[in-house]
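Under the numbering used here, the very last position in the sequence shown is 1043; numbers go up by exactly one each time. Glycine residues also receive a C-beta, built at the ideal position from the N, C-alpha and C atoms. Below: the structure, in structure tokens.
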Amino acid sequence: MIPAAAAWATALVLLGCPVQVAVLTCLLAAAGSPVAWRFARSTARRNTMVAVLISVAATSGSIALRLHAVTTGPVAELAAEGASITAEITLTDDPKVRRPKPGLFQRDSIVVEANLEILRTGTRRISVHSPIVVFANGAEWRPLLPSQRLHVRGRLAEPTSPGLVAAILLVRDPPEILTPPSPVHTVAGEFRGGLREAAGVLPPDQRGLLPALVVGDVSRLDPQVDEDLREAGLSHLNAVSGANLAIVASAALALCRLAGLPLAPRAAFAALAMIAFAIVARPSPSVLRALLMGLVAALALGTGRAKDGVAALSAAVLLLILFVPDLARSYGFALSVTATAGILLLAPRWRTRLTGDLTAHPPPTAPGSAVHAPVARPVSGSGRKACPAPEPEDSMRLAHPGSGLGRDARSWDFLAAASSGSGEGGGGSARVRLEGFASGARPGCGVGREAEAKGSALGGRPGSGVGGEAGAGEFSAAASRGPGLRGFEPGAGSGFGVGGATGAVGRRRVRWPRWAAEAVVVTAAAQAAVTPVLVLMSGQISLVAVPANLLAGPAVAPATLLGFVAALIAPVWPEAAQALVVPAGYAVGWIIVVSRWAVGIPLASVPWPQGIAGLGLLAVAAAVAVVLLRRRAGRAVMLAVAAGVLIAVLVIRPIAAPWPPRGWLMVMCDVGQGDGLVIAAGPGQGVVVDAGPDPAVMDRCLRRLGVRDVPLVILTHPHGDHVNGLAGVQRDRRVGAVITSPHRVSAPQSARLSAGLARRRIPEHTAQPGTRWRLGPSELTVLAPESAAADGPGEGSAANNASIVLHVRWRAGSALLSGDIESEAQHRLLRDSLPRADIFKVPHHGSPRQVPAFFAAVQARAALVSVGAGNGYGHPAPSTLSLLNRMGARVYRTDKSGDVAIVDQEGALAVVSRGR
128 MIPAAAAWAT ALVLLGCPVQ VAVLTCLLAA AGSPVAWRFA RSTARRNTMV AVLISVAATS
188 GSIALRLHAV TTGPVAELAA EGASITAEIT LTDDPKVRRP KPGLFQRDSI VVEANLEILR
248 TGTRRISVHS PIVVFANGAE WRPLLPSQRL HVRGRLAEPT SPGLVAAILL VRDPPEILTP
308 PSPVHTVAGE FRGGLREAAG VLPPDQRGLL PALVVGDVSR LDPQVDEDLR EAGLSHLNAV
368 SGANLAIVAS AALALCRLAG LPLAPRAAFA ALAMIAFAIV ARPSPSVLRA LLMGLVAALA
428 LGTGRAKDGV AALSAAVLLL ILFVPDLARS YGFALSVTAT AGILLLAPRW RTRLTGDLTA
488 HPPPTAPGSA VHAPVARPVS GSGRKACPAP EPEDSMRLAH PGSGLGRDAR SWDFLAAASS
548 GSGEGGGGSA RVRLEGFASG ARPGCGVGRE AEAKGSALGG RPGSGVGGEA GAGEFSAAAS
608 RGPGLRGFEP GAGSGFGVGG ATGAVGRRRV RWPRWAAEAV VVTAAAQAAV TPVLVLMSGQ
668 ISLVAVPANL LAGPAVAPAT LLGFVAALIA PVWPEAAQAL VVPAGYAVGW IIVVSRWAVG
728 IPLASVPWPQ GIAGLGLLAV AAAVAVVLLR RRAGRAVMLA VAAGVLIAVL VIRPIAAPWP
788 PRGWLMVMCD VGQGDGLVIA AGPGQGVVVD AGPDPAVMDR CLRRLGVRDV PLVILTHPHG
848 DHVNGLAGVQ RDRRVGAVIT SPHRVSAPQS ARLSAGLARR RIPEHTAQPG TRWRLGPSEL
908 TVLAPESAAA DGPGEGSAAN NASIVLHVRW RAGSALLSGD IESEAQHRLL RDSLPRADIF
968 KVPHHGSPRQ VPAFFAAVQA RAALVSVGAG NGYGHPAPST LSLLNRMGAR VYRTDKSGDV
1028 AIVDQEGALA VVSRGR
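Next comes the structure, spelled out in structure tokens:
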């Protein structure tokens, strides 16, 4: 494990350094290897140091060669110049669709990795073989497959981040296909496409998640489902991981066992199944890691050797870092490796602690070594018998330093002996000798102190815990009825209450069933191991990940197996594939239900400082938790604190500060940099004015408000920060009609919006000044735009000035919702009879293009600004905030206050903030 970790750390550092640093590191590590071999004091330390230095030298040498290749030559030179070229490229991955950022232009954005084979610039024709990343637009890229050769035109640019990429190629025109994909990728593409088509019979959320879960195809994955899975700690289910590979390999082995095949063919068939699955699912970082570990395990199975998960993980990490160094900076690879390490290293100890049965999981041994259960036999009298000479098998227990035989093995052998012994009834005592015990005295003998106990405890004195060095040798135990010793509590150190500081012995405790302990500890260990990586990635900690994974876990295997079989038969028998995906859809439907439940829990995820500072704080918190959990009083304190937090979050907070507040009339949702408002239209109903940039965020706001029916959606103008979240509004809700601006300033975006509404059979109408709706407690009136749209300095401003402006009236007051209108449209509204309003939705997120006279004419007491934290536009502008302050309006900003609600409070309007 240490050499693999050293190689990973080396690659992580050197990928951002010049070639010279990598070369120097390689030379120093290579020169240090013979020195470590010569001067290391112990064999174990010498072997470890030499292995680490060799791994560092090999990794740095590999990176040095690759860095030299991508930073020199014609591709790097032309990228530095920003040259325009025509090129022939070979795709090395599937094109990935990037979600468009909020804004005016909403064309599909495609990113795909490729090799640049031939480039032409001017009269020069150069043959190269350089890795590049292609950025393109257009749906023509979506159906392309790896290994296809394309002819493209574009402009080279330097990579934006350090790595092993020679250049970025920016392509605007559609590609010209030169060759079809290879036969292997053609077949894999047929399988993926067949599953995608077969899943078309499922509901929209299920038809997108099933291909993602089975083969990693996220092309149809609902953004809302993706967001729910991420927040619930289930995001690993929308990508292929080691669990999928293990399920496929297990199914292959089961078929071979039914066919009566011997061990070697079984292993070969399982290896072929895993390789085929990896090709279909594409070699993502998690798939590569799992594939290498699976192949190592298959090799061990076929040769009859012992399987060591930690060794397999170390070998997989080391090989991948050597041959694909880019993975060192991949969060997906880090999550996969840390989750696997947590399951291998933490889960067995935690399971032992819950079940109290150390024989359930013997410690790992070196390949080829033998571990036999110790022999326990009663000894009469008080004298000691001579320890027999150790058998060869017993001495092999200490041969492998990483096998856990030593301090930790004492606990395992101890319980094995105790379980195999028998107690006599009555008040007498029995003695048990552990033969072959791993102790510091003599390997295989382990005659140490005699620990005597009266009653139910073992120790240096009657009734006390085992003290001193009572980890080896003979011991006396109070006999109890029934076989073995009962009532042991595993300790924190070696896993058993031996050694004085490791906990009391003899205290009865509840032992978990093995199946329940296995399910809990595997999930908890994986989550604990990946938490530091998640803190670095997203700056939050999920509190619902463990229960969510426990609930969703049983559905993964049937969905994977049924989906994979459906993918295999879909190209030749699509009807049968559709029949198979129906029960698989039920399985993924359950996963979706669990994710929705999890994200609906208060404090499902806790914000945490991001980066190194957050990592350090997490380490301190973990250290404090470990210290407290080792003591009974500390555990009681932590349980009390946890119970208090749960009561405060689940009981007190909903009572003291319920959301939505009672009598709410309008809510400005915190959608980030965009607009999303909900106007009360009756019980469970709401009118949505703009939908923000993110469907998941908008849907979550509507869920909090309990809105299940949307009779009317008003989209003020077709910019992405106002319309991209429309899918979240439509999710599991009836939408009566959509109102859009009559001015099609942004024709492509308006056409795309209309086409989407037509597919869902949602009526679309254009707003006309004077149109009025009365829905529940609210009355909405359209004030603008007029038939002749106000122009602006550019297409973006023209679209903003064509925004729908609404006046909303309630019994307790009124509000003016001004969309994104800028100064030209504000001047036009001033010339008309502009109504006064108590609440003013500030135009265009508080941009500086405002008219003071327009603000003054509204005479609002409160101003709402929908704006994203840390946005790059400088919104809200200081000049706009100063203008509002001079008018005496109190400003409420979503980036500081979260959701903002307007409520009817005893016949007057009041503002209530939810908080962030």
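Within the continuous beta strand (DSSP E) that includes residue i, where are the two ends?
i     : result
Y1019 : R1017 to R1020
W900  : R899 to L902
T217  : S211 to L218
L667  : According to the sequence shown, residue 667 is Gln rather than Leu. Q667 to S669 is the span of the beta strand (DSSP E), which, as asked, contains Q667.
N264  : R251 to N264
Q857  : Looking at the DSSP string, Q857 is not in any beta strand (DSSP E); the run it does join, the alpha helix (DSSP H), is L853 to Q857.
V815  : G813 to A818
A911  : S905 to A911
Where does residue i sit, in a helix, a strand or coil, going by DSSP?
i     : result
L271  : coil
Q876  : helix
M765  : helix
R165  : helix
H278  : strand
P734  : strand
N242  : strand
W937  : strand
I1029 : strand
R476  : helix
G803  : strand
W791  : strand
T843  : coil
V699  : coil
I728  : coil
R886  : helix
S1024 : helix
I931  : coil
V660  : helix
S722  : helix
I948  : coil
V798  : coil
Going by alpha carbons, who is nearest to residue i out of the options?
i     : options                       : result
I739  : R1041, P130, V662 and V751    : V662
G995  : A983, G1015, V179 and Y1019   : Y1019
P161  : R173, S169 and T152           : R173
L454  : V423, P412 and G897           : P412
V862  : W900, Q876 and P890           : P890
R827  : Q800, V840, A808 and R858     : R858
E244  : A395, R225, A263 and P201     : P201
L348  : G360, R334 and A359           : R334
A474  : L419, Q654, F396 and V298     : Q654
A398  : V423, A438, L356 and V146     : V423
T313  : P273, A878, E324 and L1010    : P273
V839  : V150, L445, G819 and W900     : Position check: residue 839 holds Leu in this sequence, whereas Val was assumed. When each option's Cα is compared against that of L839, the closest is W900.
A725  : G743, V673, V764 and A746     : V673
T186  : L447, A196 and S288           : L447
R1017 : H1002, V1039, G1034 and D1031 : V1039
I719  : A679, W735, L689 and G1025    : A679
V197  : A266, L291 and E285           : L291
P302  : I295, G327, L829 and G265     : G265
Kindly give me the distance between the Cβ atoms of residue i and residue j, rounded to whole angstroms, as I take these residues to be in contact under 8 Å.
i    : j    : result
L364 : L340 : 6 Å
S732 : Q800 : With 8 Å as the limit, S732 and Q800 do not qualify as a contact, their Cβ atoms being about 21 Å apart.
A675 : G360 : 6 Å
Task: Segment contact flag, the segment 402 to 412 with the segment 353 to 373, C-beta cutoff 8 Å, min 3 pairs - done: Flag = yes, the segment 402 to 412 and the segment 353 to 373 touch.
Open item on the list: Could you check whether the segment 807 to 820 touches the segment 332 to 349, counting it as contact only if at least three pairs of C-beta atoms, one from each stretch, sit closer than 8 Å?
Closed with: no
TODO: State whether the segment 179 to 187 contacts the segment 153 to 170, with contact taken as three or more CB pairs (one from each stretch) at a distance under 8 Å.
DONE: yes
Open item on the list: If contact is defined by three or more beta carbon pairs under 8 Å, each pair taking one atom from either stretch, is the segment 751 to 765 in contact with the segment 684 to 695?
Closed with: no
Open item on the list: For the segment 320 to 329 against the segment 691 to 710, do three or more pairs of beta-carbon atoms, one drawn from each stretch, fall closer than 8 Å, so that the two count as touching?
Closed with: yes
Open item on the list: Pairs of beta-carbons, one from the segment 202 to 215 and one from the segment 138 to 158, closer than 8 Å: are there three or more?
Closed with: no
TODO: Would you check if the segment 417 to 431 and the segment 378 to 397 touch, i.e. whether three or more CB-CB distances between them fall below 8 Å?
DONE: The segment 378 to 397 vs the segment 417 to 431: in contact.
- [ ] Indicate whether the contact test is met: 3 or more Cβ pairs, each with one atom in the segment 132 to 146 and one in the segment 451 to 467, closer than 8 Å.
- [x] Short answer: they touch.
- [ ] Could you say if the segment 1027 to 1036 and the segment 1002 to 1018 meet the contact criterion of at least three C-beta pairs nearer than 8 Å?
- [x] Verdict: no, contact absent.
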